[in-house]
Amino acid sequence: MNNSKNKKIRSDMKTINLSIAGIVVLFIMFSCSSDKHAQLTKLKQQQTLIADKIKNLEDELKSAGKDSLKTEKFKFVGLTDVKSNAFDHFIRVQGKLDGDLNAAVFAEAPGTVSAKFADVGQKVVKGQVLAQIDDQQYRSQMQSLETNYKFAADIFDKQKRLWDQKIGSEVQYLQAKTNKESLDRQISSLRQQVEKFKIKSPIDGTIEECNIKVGGVVSPDPRLAAYRVVAFKNLKVTAEVSEAYSSRVQVGDKLIVLFPDINKQIETKVDFVSKYINPVNRTFMIETKILDGIQDLKANMLAIIQINDYHSDNSLQVPMNVIQTDQVDSYVYIVRSKDKYNAAFKQPVVIGNSYNGVAEILKGLVVGDRVISVGYQELVDGEYIRF
Numbered sequence: 037m038n039n040s041k042n043k044k045i046r047s048d049m050k051t052i053n054l055s056i057a058g059i060v061v062l063f064i065m066f067s068c069s070s071d072k073h074a075q076l077t078k079l080k081q082q083q084t085l086i087a088d089k090i091k092n093l094e095d096e097l098k099s100a101g102k103d104s105l106k107t108e109k110f111k112f113v114g115l116t117d118v119k120s121n122a123f124d125h126f127i128r129v130q131g132k133l134d135g136d137l138n139a140a141v142f143a144e145a146p147g148t149v150s151a152k153f154a155d156v157g158q159k160v161v162k163g164q165v166l167a168q169i170d171d172q173q174y175r176s177q178m179q180s181l182e183t184n185y186k187f188a189a190d191i192f193d194k195q196k197r198l199w200d201q202k203i204g205s206e207v208q209y210l211q212a213k214t215n216k217e218s219l220d221r222q223i224s225s226l227r228q229q230v231e232k233f234k235i236k237s238p239i240d241g242t243i244e245e246c247n248i249k250v251g252g253v254v255s256p257d258p259r260l261a262a263y264r265v266v267a268f269k270n271l272k273v274t275a276e277v278s279e280a281y282s283s284r285v286q287v288g289d290k291l292i293v294l295f296p297d298i299n300k301q302i303e304t305k306v307d308f309v310s311k312y313i314n315p316v317n318r319t320f321m322i323e324t325k326i327l328d329g330i331q332d333l334k335a336n337m338l339a340i341i342q343i344n345d346y347h348s349d350n351s352l353q354v355p356m357n358v359i360q361t362d363q364v365d366s367y368v369y370i371v372r373s374k375d376k377y378n379a380a381f382k383q384p385v386v387i388g389n390s391y392n393g394v395a396e397i398l399k400g401l402v403v404g405d406r407v408i409s410v411g412y413q414e415l416v417d418g419e420y421i422r423f
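Going by the numbering used here, the sequence shown opens with residue 37, and the numbers climb by one from there.
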């Protein structure tokens with residue numbers, strides 16, 4: 037049927053060509069005529085008629101070409117409708133669980149552990165002695181000073197009685213008083229030193245860690261705690277965040293905290309944002325409080341924190357993988373009508389935030405656009421498609 041139609045079209049084209057030749061002959065014949073204006077008008081009318089016929093034949097040929105397209109050869113694609121939904125962007129960091137009452141206990145004086153009075157799992161109270169460091173040398177000094185103090189106190193009492201009776205000199209009285217007070221200060225200072233040989237709990241709680249043993253040597257080393265006492269109250273999660281996000285994280289931002297070890301997740305908010313950037317790793321500290329009552333939580337437990345630094349109630353969104361980039365800009369392929377078929381057309385887009393495989397589109401798409409999400413990799417702009 038298409039062949040016969042094409043033959044008819046070619047025949048009509050031949051007739052048109054003959055008509056054009058006839059016009060040329062007529063033009064030559066009438067060129068010598070006196071009524072040239074009438075001839076020109078007639079020729080223009082014929083020219084218009086021929087142009088219309090040419091256009092009609094071209095349209096028929098074009099239509100015939102379309103009718104001959106085989107739709108089964110069109111590339112098969114998958115589509116995603118553009119919709120407007122709420123969009124959230126999160127910053128993901130790693131933190132740890134802690135408490136306000138989580139105390140590392142250090143030895144205040146160097147020496148050998150002579151006794152240990154508490155161990156892991158034991159409940160203790162504030163001020164309780166957990167271990168004793170050998171202080172024999174200081175105790176010997178204490179005994180000597182106490183003996184001297186007793187003698188000096190007796191001398192002072194005698195001199196004071198005499199002085200009260202106006203017997204003896206003032207110098208003797210003042211000297212006895214000075215000796216007594218000096219020994220008293222020495223004893224007080226030595227007692228403070230002796231107290232440093234006792235490792236005491238700074239809070240009420242439970243011993244979670246013990247790093248000493250009887251006969252072992254300890255020192256005031258901040259890198260090694262003798263004990264760790266925890267009162268698991270006033271819980272908080274702390275994390276270090278890259279300074280690149282310092283302008284995006286604010287107090288009150290929504291947080292999602294996941295404890296992967298116990299598979300529990302809670303929603304909370306940022307309670308504290310540090311104003312200090314750590315010069316070593318270029319991070320700042322954030323903190324969020326955790327309500328008591330969550331079972332199985334432990335000090336220093338790993339926490340995965342997602343900080344909600346951006347939210348939009350209505351955003352156009354497309355999968356990140358459908359966005360392609362050329363030398364000019366980013367673009368996606370969308371479906372539009374071409375003649376009586378569907379075709380893929382390149383559509384430039386402006387991308388906003390992206391998270392979890394989804395991109396926010398700020399410009400270039402509208403609700404209802406159909407974005408090609410499957411089979412877009414080798415498409416050509418304007419190519420016919422099917423779905």
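Using N, Cα and C, we set each Cβ at its ideal position, and we do this for glycine too.
Using the Cα positions of G418 and S348, report the straight-line distance between them to the nearest angstrom. One C-alpha to the other measures close to 34 Å.
message: According to DSSP, is D345 part of a helix, a strand, or is it coil?
response: If DSSP states are grouped into helix, strand and coil, D345 belongs with the strands.
How is F268 classed by DSSP in three states: helix, strand or coil? DSSP places F268 in coil when its eight states are reduced to three.
**Prompt:** Tell me which same chain residues have a C-beta within less than 7 Å of the C-beta of D170, skipping the five on either side of it?
**Reply:** Cβ within range, chain order: G147, T148 and S150.
**Asked** Skipping 5 residues on each side, what residues in its chain have a beta carbon closer than 6 Å to that of L294?
**Response** If we look at L294 and ignore the five residues flanking it on each side, its Cβ neighbours are Q301 and I340.
| If you count every other CB in all the chains shown that lies within 10 Å of the CB of A262, and 16 or more means buried, which is it? | Answer is buried; the Cβ neighbour count reaches 16.
From the DSSP output, in three-state form, read off M337 for me. Secondary structure of M337 (DSSP, three-state): coil.
Do F112 and S308 count as a contact pair if the criterion is CB distance below 8 Å? The displayed chain sequence assigns Phe, not Ser, to residue 308. No, Cβ-Cβ distance for F308 and F112 is not below 8 Å.
* Provide the residue span of the beta strand (DSSP E) that contains K305, from first to last. => Counting along the chain, the beta strand (DSSP E) containing K305 begins and ends at K300 to K305.
Exercise for review: Go through its chain and collect everything with a Cβ distance to V410's Cβ below 7 Å, but skip five positions before and after it.
Suggested key: Here the set comprises V113 and G114.
* Asked: Where does V207 sit, in a helix, a strand or coil, going by DSSP?
  -> Of the three classes helix, strand and coil, the one that applies to V207 here is helix, per DSSP.
Backbone CA spacing between R406 and V416 [nearest angstrom]: A direct Cα-Cα distance of roughly 17 Å separates R406 from V416.
State yes or no: is the C-beta of V266 within less than 8 Å of the C-beta of E244?
-> The answer is yes: Cβ separation under 8 Å.
**Prompt:** Are there three or more Cβ pairs, one per stretch, closer than 8 Å when the segment 357-364 is compared with the segment 375-395?
**Reply:** Yes, the segment 357-364 is in contact with the segment 375-395.
_According to DSSP, residues forming a beta bridge with H125_ = Answer is Y346, bridged to H125.
Bridge partner(s) assigned by DSSP for A143
Looking at the DSSP assignment, A143 forms no beta bridge with any residue, so it has no partner.
Opening and closing residue of the alpha helix (DSSP H) in which I191 lies: Note, I191: alpha helix (DSSP H), Q172 to D200.
TODO: Would you please state the rounded distance, in angstroms, between the beta carbons of D117 and A335? I believe it to be under 8 Å.
DONE: That belief does not hold up - the Cβ atoms of D117 and A335 are roughly 49 Å apart, past 8 Å.
| request: Go ahead and pull the three-state DSSP assignment for N432. | output: Lying before the first or after the last residue shown, residue 432 is absent from the chain, which here runs from 37 to 423.
Next on the checklist: Distance check for I387 and S366, CA to CA, integer angstroms please.
Outcome noted: The alpha-carbon atoms of S366 and I387 are separated by roughly 8 Å.
Kindly give me the distance between the Cβ atoms of L338 and Q130, rounded to whole angstroms, as I take these residues to be in contact under 8 Å. The pair is a contact, with the Cβ atoms about 7 Å apart (cut-off 8 Å).
Are the Cβ atoms of Q353 and N92 separated by less than 8 Å? It is not a contact, given that the beta carbons lie outside the stated cut-off.
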